[in-house]
């Protein structure tokens, strides 16, 4: 598909209520709150099952590798986001570097991640509420949670991100409280409680293969931060604010990941943590007793962490769907912008409806694996985009340049490929499910939407103008 084939439709103008531009308001602090908020629930649950997959030190090494990948990726995305400051994020980057097909494949990866991940988190929130107030049906809780946060996201982006900053800060305070109470009881011997399999050591009870198997859980400490560029068109100054938001967010998450990993396993024990549904409260409960005020407090604050990620990812999902729809990759009605609140309300509501159905009827393991692999595919496409653009468009204006180029994006690319195949090894059924979902989207693009792309979307105009300038030069 060549750029010349991109069509401008009569209804595609961005100066009416159905489509348009989003309101600029976000600075570095709100971006930090969103970037950390996307991920913070991962510190409160989920990561600990990686101990069962690789032992403590296997998960530790996997977390280091994924920390390197996400750090290198955040530096690289900072360059891409300042050079191509549009809401599409991964789609906009790949579209610029590899044309409509590249943009579509990257964008669908982000959509899968951001539309399906809230379904998994909603079940976690519902489970916590059920523990406090037993008897309510899961579908009622899931639907209620979605309705509340879909409404919040529809009624104003600034309100949504301000709320996100508050709940993210609350969740981080919970981690500080946990660390302060856990440090006096840390016991390094508890890190080695997982019994080794034949021929392996206490340090790596499942051998080197255990590190590979633990990589998806190392990802869990950082998953979704890459969605921050979805807010580019709502930044006051994306060329300055986006790098600050990305780099400060990953720095915060790196510290949180290793504090949680060491202290939870070193206090509660690797064996207990490998099976725990609420690792932080249970770790402290092992030394303070379940009646201690901190146990209940951490449980409540943990809910704030879940809400922060749930709210933030719904916010990102709306922007991802909006950007693809505005350019014609997805049905055009999804790009409607609310005339008063200037939010992509149709994309938010449709994504939420899919999330509700997925949460109630879907298999949680399959949903999260599809979401994770959609994310990893988008990582690969973004790193390739950075490398391709440096070759094809060396004079592209880049207000921020990734340090250590080309090594930095290459490191992220290699580790993303390793992560992709690590997950296939650990959950082979994901290959089929992810392939089927992608196939449906690819067929839709090939048969229909590639013939209906529009030139009014800013990232599409950007790509067309850049090509025209290159031809003139």
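Residue numbers (my numbering): 1 to 473. Each residue gets a CB set at the ideal place from its N, CA and C atoms; glycine is no exception.
Host alpha helix (DSSP H) of residue i (start-end)
i: residue 158; result: 157-182
i: residue 198; result: That residue, residue 198, is in no alpha helix (DSSP H); it is neither H nor E in DSSP.
i: residue 279; result: 279-288
i: residue 227; result: Run containing residue 227: none; DSSP gives neither H nor E here.
i: residue 304; result: 293-326
i: residue 487; result: Any question about residue 487 goes unanswered here, given that the chain covers just 1 to 473.
i: residue 78; result: 49-83
i: residue 434; result: 429-447
i: residue 144; result: 138-154
i: residue 216; result: 207-219
i: residue 359; result: 345-361
Cβ-based burial, residue i [other Cβ within 10 Å; buried from 16]
i: residue 454; result: buried
i: residue 150; result: buried
i: residue 290; result: exposed
i: residue 448; result: exposed
i: residue 190; result: buried
i: residue 344; result: buried
i: residue 249; result: buried
i: residue 74; result: buried
i: residue 392; result: exposed
i: residue 363; result: exposed
i: residue 201; result: exposed
i: residue 178; result: buried
i: residue 32; result: buried
Integer Cβ distance of residue i from residue j, believed to fall under 8 angstroms
i: residue 258; j: residue 121; result: Not confirmed; about 23 angstroms, so no contact.
i: residue 301; j: residue 170; result: 6 angstroms
i: residue 188; j: residue 266; result: 6 angstroms
i: residue 43; j: residue 175; result: 6 angstroms
i: residue 51; j: residue 270; result: 5 angstroms
i: residue 384; j: residue 228; result: That belief does not hold up - the Cβ atoms of residue 384 and residue 228 are roughly 19 angstroms apart, past 8 angstroms.
i: residue 500; j: residue 114; result: Here the chain covers residues 1 to 473 and nothing more, so residue 500 does not appear.
i: residue 205; j: residue 55; result: 4 angstroms
i: residue 141; j: residue 370; result: About 23 angstroms separates the two Cβ atoms, so there is no contact after all.
i: residue 119; j: residue 367; result: 6 angstroms
i: residue 413; j: residue 96; result: Going by Cβ atoms, the distance from residue 413 to residue 96 rounds to 17 angstroms, so no, they are not a contact pair.
i: residue 224; j: residue 39; result: 5 angstroms
Contact test: residue i Cβ vs the ligand FMN heavy atom, cutoff 8 angstroms
i: residue 30; result: Judged by which ligands are present, the structure shown has none, so any question about the ligand FMN falls away.
Minimum Cβ-Cβ distance from residue i to chain C less than 9 angstroms
i: residue 99; result: Going by chain labels, chain C is absent from the structure shown, which holds only one protein chain.
Could you tell me whether the stretch 341-357 touches the stretch 376-384, where touching means 3 or more Cβ pairs closer than 8 angstroms? no
Does the stretch 404-417 come close enough to the stretch 356-365 to have 3 or more Cβ pairs within less than 8 angstroms? no
Are three or more beta carbon pairs between the stretch 214-222 and the stretch 47-61 nearer than 8 angstroms? yes
On the three-pair Cβ rule with 8 angstroms, is the stretch 157-165 touching the stretch 277-295? no
Check whether the stretch 81-91 touches the stretch 227-246, counting contact only when three or more Cβ pairs, one atom from each stretch, lie closer than 8 angstroms. yes
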